[in-house]
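Trainee: Please see the structure below; I have some questions.
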Amino acid sequence: MSQHRHPGAPGRAGAVPALPDLPEATVARLPEYLRALHNLADSGHETVSSEGLSAAAGVNSAKLRKDLSHLGSYGTRGVGYDVALLIEQIEYVLGLTQRRAVALVGVGNLGHALAGYDGFASRGFRIAALLDADPSRVGEEINGLVVRHVDELPEIAVQESIAIGVIATPAAAAQRVADQLVAVGVTSILNFAPCVLSVPEGVDVRKVDLAIELQILSFHEHRKASLTALPGGLAATETQEAIGT
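Under this note's numbering, the sequence shown has 205 at position 205, and the numbering climbs by one with no breaks.
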């Protein structure tokens, strides 16, 4: 079994489609594989087995092999995957071969933390602009960037070739900001505001709500507590379910 090489990458040759049509679930897992691969590369690993990579990424190995087969990567029998080549393939498919410019709107507590996060640069992104509607925030310098008024977005979007907008405003302001981003041609938005945005067709929105994630974890804590609180605990509950009581 051979590992195909990606035609779009410099110095590589092969028969993988330039942009394979990937299932959404596969796309969602590719960043996890990429993170694990970068860690392996940093540790000096040149190859990795599907079992090793799946363990590092926290994904079932059969699922991982199927995901990577969509990229034309099947590994080499007895050797595994070429770490550097797989990084190259995944970064190409995710569009990370160029550093995409990001505009961050809202520099309150969360926005301030995001603006100061150094990890974006190493993942292929450049925070090109910080914006806020609060006059008291405008002019503040964060991580080498000066906060500008959100009304300057049209000019900034052209100057910096903004590709992605990040919304870290209060919920009440988020839709207005989304409309402003769409109006200047931004079609990819990461929304940290606790609300649902209405955007035109063709605009992609990813929502990150930390409170929702905590509520999901709360459910699991509640469930575990309710199971252990029953007579006999979890084992007794499983036995009752097995006999239909």
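C-beta atoms are modelled at their ideal positions from N, C-alpha and C, and glycine is treated no differently.
Keep in mind it's a predicted model, so treat the numbers as computed, not measured.
Quick check: the Cα distance between Gly14 and Tyr92, rounded to an integer number of angstroms?
Mentor: As a first step, residue 14 is located in the sequence shown; it is residue number 14 there, counting from the start. As a first step, residue 92 is located in the sequence shown; it is residue number 92 there, counting from the start. Because Gly14 sits at a pLDDT of 41, beneath the cut-off of 50, its placement in the model cannot be relied upon, and the point is left open.
Trainee: Return the first residue and the last residue of the alpha helix (DSSP H) that His38 is part of.
Mentor: Stepping through the sequence shown from its first residue, residue 38 is reached at position 38. Counting along the chain, the alpha helix (DSSP H) containing His38 begins and ends at 24-42.
Trainee: Evaluate Gln98 with the Cβ neighbour count: other Cβ atoms within 10 Å of its Cβ, from every protein chain shown; 16 or more gives buried, anything less gives exposed.
Mentor: Locating residue 98 in the sequence shown gives position 98, where the first residue counts as 1. Gln98 should be labelled exposed.
Trainee: Nearest to Val184 by alpha carbon, out of Ala41, Ala103, Lys224, Leu110?
Mentor: Here residue 184 refers to the residue found at position 184 of the sequence shown. The residue with the shortest Cα to Cα distance from Val184 is Ala103.
Trainee: Looking at the structure shown, is Gly8 part of a helix, part of a strand, or coil, going by DSSP?
Mentor: As a position in the sequence shown, residue 8 is number 8, starting the count at 1. Here the model assigns Gly8 a pLDDT of 43, short of 50, so the residue's position is not dependable and the matter cannot be decided.
Trainee: Please state whether DSSP places Tyr81 in a helix, a strand or coil.
Mentor: As a working mapping, residue 81 is identified with position 81 in the sequence shown. Reduced to three states, the DSSP call for Tyr81 is strand.
Trainee: Are the Cβ atoms of Arg100 and Ala163 separated by less than 8 Å?
Mentor: The sequence position of residue 100 within the sequence shown is 100, counting from 1. The sequence position of residue 163 within the sequence shown is 163, counting from 1. Yes, the Cβ-Cβ distance between Arg100 and Ala163 is below 8 Å.
Trainee: Over the uninterrupted beta strand (DSSP E) stretch that includes Ala163, give me the two end residues.
Mentor: Mapped onto the sequence shown, residue 163 falls at position 163. 162-167 is the span of the beta strand (DSSP E), which, as asked, contains Ala163.
Trainee: Three Cβ pairs or more, each shorter than 8 Å: is that satisfied between the segment 146-158 and the segment 124-135?
Mentor: At 8 Å Cβ cutoff, the stretches touch.
Trainee: When the Cα atoms are used, what is the spatial distance from Lys63 to Pro170?
Mentor: Position 63 of the sequence shown, counted from the first residue, corresponds to residue 63. Position 170 of the sequence shown, counted from the first residue, corresponds to residue 170. Between Lys63 and Pro170, the C-alpha separation is close to 38 Å.
Trainee: Hey, could you find the ends of the beta strand (DSSP E) Ala323 is sitting in?
Mentor: Any answer about residue 323 is impossible in this case: the structure gives the chain only from 1 up to 245.
Trainee: When DSSP labels each residue in this structure, what does Phe125 get in the three-state scheme?
Mentor: Sequence index remark: in the sequence shown, residue 125 carries index 125 (1-based). Strand.
Trainee: With a CB to CB cut of under 8 Å and the five nearest residues on each side skipped, what residues in its chain are close to Val199?
Mentor: Residue 199 sits at position 199 when you count from the first residue of the sequence shown. Answer for Val199: Ala178, Val182, Ile189, Val205, listed in chain order.
Trainee: Since Glu141 sits in a beta bridge, which residues does DSSP pair it with?
Mentor: Here residue 141 corresponds to residue number 141 of the sequence shown, with the count starting at 1. Paired residue(s): Val146.
Trainee: Would you kindly report the start and end of the unbroken alpha helix (DSSP H) that includes Asn109?
Mentor: For the purposes of this step, residue 109 is taken as the residue at position 109 of the sequence shown. Element bounds for Asn109: 109-115.
Trainee: For Glu88, does the count of other Cβ atoms within 10 angstroms reach 16, so buried, or fall short, so exposed?
Mentor: The residue given as residue 88 occupies position 88 in the sequence shown. Answer is buried; the Cβ neighbour count reaches 16.
Trainee: How long is the line joining the alpha carbons of Gly106 and His70, rounded to whole angstroms?
Mentor: For the purposes of this step, residue 106 is taken as the residue at position 106 of the sequence shown. For the purposes of this step, residue 70 is taken as the residue at position 70 of the sequence shown. Approximately 38 Å between the Cα atoms of the pair.
Trainee: Taking the alpha-carbon positions, what's the Pro17 to Leu110 distance?
Mentor: Start at 1 with the first residue of the sequence shown, and residue 17 comes out as number 17. Start at 1 with the first residue of the sequence shown, and residue 110 comes out as number 110. Confidence at Pro17 is low in this model, with a pLDDT of 45, below 50, so its placement is unreliable and the value that follows should be read with caution. When rounded, the distance between both Cα atoms is 39 Å.
Trainee: Of the residues Asp134, Val208, Arg35, Leu37, which one's Cα is nearest the Cα of Val196?
Mentor: On the sequence shown, residue 196 is found 196 positions in, with the first residue counted as 1. For the residues Asp134, Val208, Arg35, Leu37, the minimum Cα distance to Val196 belongs to Val208.
Trainee: Buried or exposed, going by whether 16 or more other CB atoms sit within 10 Å of the CB of Asp67?
Mentor: On the sequence shown, residue 67 is found 67 positions in, with the first residue counted as 1. The residue is buried, with at least 16 neighbouring Cβ atoms inside 10 Å.
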